[in-house]
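In the numbering used here, the protein residues as written are 65 to 379.
These notes concern the structure reproduced below.
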Amino acid sequence: MEKSILEIRRFMEDLGIPGRDLWELPDSPLTFPDGAHWRIEIAGIERASTMAAMIDESHKRDVPVHRAIATVGGSTYLDAAELRAMAQMAHDEGLEVIMGIGPRKGWDVGAKESANWEGAMLGLRLRGSDSISYWLADMMRNIEAGFRGFLVYDEGVLSIVSKMREQGFIPEETVFKCSVFSGHASPAGARVVAGMGANTFNPCSDVSLPILAAIRKTVSIPLDVYISICDALGGEYRIMETPEIARVASPCYFKIEPAKSEMELYKPWTEEGVHATLVREKVKMADVIGEVMTRHAPHLRMSERCPADLVLPQP
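Right, dumping it as structure tokens:
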């Protein structure tokens, strides 16, 4: 029964999964529906005031922002009026918004393993059916406020919300983003979550260009690739790689999320002014990405503001 690495790789290829990372870095044949190769995603829109600051800076710099990842700290820290205000601003601006739902493993009083540094390696999947029902209830609260996009890091939850969408329990246009906290960084993992209904996929922040190319060969959904990430998760700043990332991974979102740590930044008691100042720096990073892409890859297109395929909030 001994099998060589070549036989193992051929078996993977027969399943439609590259047997090796694609070191030849082939061009991606795919684009967004508007023909563009890349878009901008900014994470950490924790309040209505943060969104207002992001939109204002976007217009000052004439830099389109296509998607916002909001309430990473948990949407249950916002009241209904603020959620509706965020949804209205995003709708008027033509922004797709992916909401971070509140209930999570770190909030579970019984989740003692995750409080230990080794237990943290077990991932952020929810514990028990009660926690799943809490998560789904918070999603419904956001849907009522008008949001139509959600961050999912638990494949079990993804299987449920996909059925909810399929059976009309939630609006059929609802989109789901597979979070980096699901921990996937391979073509096989990408195909699993895409097959379960994820509309867009955020691989781990440290994936190489050959890994990205192999993921792109396996799935057609957009890839959300960190260009800047907080120091606690590695601190990568891949701005000079953006032309190659767009070339091999298109259609892709360039994801911007700088900070010292996510836990520090996204706590709800962080001062409003801190969020507003930082989000303006994020838009500045998007502006610099545009400079790099224009200089080194002018043939790779960015989407204009509010492309038709975005799923906007419906407040």
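Glycine included, C-beta positions come from ideal geometry on N, C-alpha and C.
Entirely within the segment 246-330 and at least 3 residues each: give me those beta strand (DSSP E) ranges in chain order.
Listed in chain order, they are 287-293 and 316-321.
Could you check which residue in 348, 208 and 336 has the C-alpha nearest to that of residue 238?
If you compare the alpha carbons of 348, 208 and 336 with that of residue 238, the shortest gap goes to 208.
Can you tell me whether residue 321 is buried or exposed? The criterion is at least 16 other CB atoms within 10 Å of its CB, across all chains shown.
Buried.
In whole angstroms, give me the CA-to-CA distance for residue 325 and residue 295.
About 6 angstroms.
Separation of residue 214 from residue 77, as counted between CA atoms
Residue 77 and residue 214 have their C-alpha atoms spaced approximately 32 angstroms apart.
Can you tell me the Cα-Cα spacing of residue 380 and residue 344, whole angstroms?
In this structure the chain extends from 65 to 379, so residue 380 is not present and cannot be described.
Rank 65, 90 and 267 by C-alpha distance to the C-alpha of residue 287 and give the top, closest one.
The residue among 65, 90 and 267 with its C-alpha nearest the C-alpha of residue 287 is 267.
Which residue comes first and which comes last in the alpha helix (DSSP H) that contains residue 205?
Here the alpha helix (DSSP H) through residue 205 covers 192-209.
Of the listed residues 197, 346, 253 and 152, nearest to residue 81 (C-alpha basis):
The option with the nearest alpha carbon to residue 81 is 253.
Within the continuous beta strand (DSSP E) that includes residue 357, where are the two ends?
Note, residue 357: premise wrong, no beta strand (DSSP E); alpha helix (DSSP H) at 336-360.
So, residue 137 versus residue 330, is the Cβ gap smaller than 8 angstroms?
Pairing residue 137 with residue 330 gives a Cβ-Cβ distance under 8 angstroms.
Have a look at residue 231 and residue 292 and give me their C-alpha separation to the nearest angstrom.
Rounded to the nearest angstrom, the two C-alpha atoms are 38 angstroms apart.
Is the separation between the beta-carbon of residue 377 and that of residue 211 shorter than 8 angstroms?
Yes. Within cutoff.
Between the segment 297-315 and the segment 267-277, are three or more C-beta pairs nearer than 8 angstroms?
The answer is yes - the segment 267-277 touches the segment 297-315, with three or more Cβ pairs under 8 angstroms.
Evaluate the contact criterion for the segment 183-203 versus the segment 129-136: three or more CB pairs, one atom per stretch, below 8 angstroms.
No, the segment 183-203 is not in contact with the segment 129-136.
Taking the alpha carbon of residue 141 as the reference point, which residue from 165, 361, 68 and 93 has its own alpha carbon closest?
The closest CA to that of residue 141, considering only 165, 361, 68 and 93, is found on 165.
Below 8 angstroms on the Cβ atoms is my contact criterion, and I expect residue 96 with residue 362 to pass it. Report the Cβ-Cβ distance as a whole number of Å.
Residue 96 to residue 362, Cβ: 17 angstroms. No contact.
Roughly how many angstroms separate the alpha carbons of residue 143 and residue 372, rounded to a whole number?
Cα to Cα, the separation comes out at about 30 angstroms.
Which value, in whole angstroms, describes the spacing of the CA atoms of residue 149 and residue 336?
The straight-line gap from Cα to Cα measures roughly 16 angstroms.
What do you get for residue 191, buried or exposed, if any count of 16 or more other CB atoms within 10 angstroms of its CB means buried?
With fewer than 16 Cβ atoms within 10 Å of its Cβ, residue 191 is classed as exposed.
Below 8 angstroms on the Cβ atoms is my contact criterion, and I expect residue 257 with residue 246 to pass it. Report the Cβ-Cβ distance as a whole number of Å.
The pair is a contact, with the Cβ atoms about 7 angstroms apart (cut-off 8 angstroms).
Figure out for me which residue from 181, 119 and 333 has the closest Cα to the Cα of residue 159.
Closest in alpha carbon position to residue 159, among 181, 119 and 333, is 119.
Let me check one thing: in DSSP terms, what residues is residue 214 bridge-paired to?
Beta-bridge partners of residue 214 (DSSP): 163 and 240.
From the DSSP output, in three-state form, read off residue 102 for me.
Residue 102 sits in a strand when the DSSP states are folded into three classes.
Whole-number beta carbon distance between residue 317 and residue 105, since they are thought to touch under 8 angstroms:
So it is a contact: roughly 4 angstroms between Cβ atoms.
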